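To keep things clear, I will list the structure first and then write my remarks on it.
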Amino acid sequence: MIVKPAPGLKVRHPVTKQLLPDEGIEVPDGDIFWTRVLNDGDVVLADNAALPAPKQSGSDAE
Numbered sequence: 272m273i274v275k276p277a278p279g280l281k282v283r284h285p286v287t288k289q290l291l292p293d294e295g296i297e298v299p300d301g302d303i304f305w306t307r308v309l310n311d312g313d314v315v316l317a318d319n320a321a322l323p324a325p326k327q328s329g330s331d332a333e
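So the working numbering is basically just the index in the sequence shown, starting at one, shifted up by 271.
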C-alpha cells in the first residue's frame, strides 16, 4: 500500500526517522505500524497514479 501524511501533518518513517514525502511512500500491506498510523488518521492512502513512474533502464531508455 502507498501512504502519505494526512493534510497538515508531518510523519516520520519509524526506521529511517526521515519525514515522509508529501507524495507518499510504498509500505508493506498489513504492516502493524503503518496500519495503526493509518487507523489513527496520521497518514492516508495515496493514489498509485500520484507516485512518479519508475525510471526505465535498458536499451529502450534514451
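Heads up, the beta-carbon is just placed ideally off N, CA and C, and yes, glycines get one too. These numbers were taken from a predicted model, which means no experiment stands behind them.
Exercise. In or out: residue 280 buried (at least 16 other Cβ within 10 Å) or exposed?
Worked result: Answer is exposed; the Cβ neighbour count stays below 16.
Problem set entry | Start and end residues, beta strand (DSSP E) containing residue 411 | Because residue 411 is not part of the residues shown, which for the chain are 272 to 333, the question remains open.
Exercise. Are the beta-carbon atoms of residue 315 and residue 288 separated by less than 8 Å?
Worked result: Going by C-beta atoms, residue 315 is not nearer than 8 Å to residue 288.
Problem set entry | Whole-number beta carbon distance between residue 273 and residue 295, since they are thought to touch under 8 Å | With a Cβ gap of about 5 Å, residue 295 and residue 273 count as contacting.
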